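In this note's numbering, the protein residues as written are 7 to 276.
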């Protein structure tokens with residue numbers, strides 16, 4: 007276990023290893039949920055049950071407006087389903103998210119909504135202080151995650167002057183500082199240049215491999231999926247989960263992605 011994790015978290019991993027999971031290590035279960043927005047738009051996330059096991063890198067691929075963000079908001083307890091059920095670490099997040107909030111880190115689609123501190127360092131420090139961690143320990147936690155994400159050169163920078171890629175990394179640092187077991191990221195690559203995208207993917211993969219962090223990413227960029235995904239879900243329409251499996255299997259046989267997948271593997275334009 008990395009020194010980044012506190013002794014308390016080590017103990018929590020041991021004592022809670024079987025809590026909030028089934029025999030396969032399942033930490034998320036979503037069973038055919040329905041949500042109706044105020045304008046009467048109905049999103050029904052069905053077709054397949056959405057399940058996530060500990061340590062998996064899960065991607066949800068679909069066009070804008072298909073229900074990806076709606077699903078994530080249910081995982082976070084922001085939305086409560088009219089029908090169906092949601093379990094995260096064995097808890098209904100719509101009713102008891104407070105029980106699991108320290109175990110879940112979030113990077114929103116619009117990171118400006120979650121960056122609250124005047125400087126990078128202040129923003130990362132905000133979460134542990136807000137959770138009641140004493141300042142000395144909070145500073146240790148902030149410095150640790152700053153080191154992990156190589157944010158030392160910009161830690162004193164005013165957040166308003168950050169680039170899009172820097173803001174994404176700061177938002178990720180804010181999500182990681184409380185040492186979560188699960189990361190939820192909503193369209194994290196939107197607005198990033200190719201170099202920043204690759205760097206972000208590298209960081210996520212390292213966090214998964216070295217820290218054992220499970221992550222769920224929504225995206226619409228087909229080409230990024232193979233680099234960062236163990237399990238892929240395809241979503242269509244208004245919440246239709248049509249496919250679940252390894253990216254190579256899905257892309258090989260599922261239209262309209264098969265042609266794109268083939269052209270990427272051969273280096274030919276589609």
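Here a beta-carbon is modelled for each residue, glycine too, at the ideal position from N, C-alpha and C.
Note that the coordinates shown come from a computational prediction; the quantities given were computed from them, not determined experimentally.
Between residue 162 and residue 196, the C-beta spacing is not below 8 angstroms. Residue 193 places its beta carbon 8 angstroms or farther from that of residue 213.
Residue 203 is not a Cβ neighbour of residue 238, given a cutoff of 8 angstroms. By DSSP's assignment, residue 241 forms a beta bridge with 247. DSSP places residue 59 within a strand segment (E or B) once states are collapsed to three. Where residue 80 is concerned, the enclosing alpha helix (DSSP H) starts and stops at 74 to 81.
Under the DSSP assignment, residue 180 falls in the alpha helix (DSSP H) whose first and last residues are 170 to 182. Exclusion of the five residues before and after residue 92 leaves 36, 39, 80, 81, 98, 99, 100 as the residues of its chain whose Cβ lies within less than 7 angstroms of its Cβ. In the three-state reduction of the DSSP assignment, residue 163 falls in the coil class, being assigned neither a helical nor a strand state. Shown here, residue 146 sits in a helix according to DSSP, grouped into three states. CA-to-CA, the gap between residue 259 and residue 250 works out to about 12 angstroms. Taking a contact to require three or more Cβ pairs closer than 8 angstroms, the region 57 to 64 and the region 108 to 125 do not qualify as touching. Approximately 11 angstroms separates the beta-carbon atoms of residue 176 and residue 148; this is outside 8 angstroms, ruling out the contact. Nearest in C-alpha terms to residue 112, of all of 127, 128, 133, is 133. Sequence-distant Cβ neighbours of residue 142 in its own chain, meaning closer than 8 angstroms and more than five residues away, do not exist here. Inclusion of residue 179 and residue 157 in the CB contact set at 8 angstroms is warranted, their separation being smaller than that value.
Rounded to whole angstroms, residue 131 and residue 255 show a C-alpha spacing of 42 angstroms.
Relative to residue 217, the option among 151, 103, 68 whose CA is nearest is 151.
Annotation: the continuous alpha helix (DSSP H) that includes residue 126 extends over 126 to 136. Where residue 37 is concerned, the enclosing beta strand (DSSP E) starts and stops at 32 to 42. Looking at the backbone, the Cα of residue 136 and that of residue 120 are separated by about 13 angstroms. For the pair residue 43 and residue 84, the Cα-to-Cα distance works out to about 13 angstroms. Taking C-alpha positions only, residue 223 is separated from residue 211 by approximately 12 angstroms.
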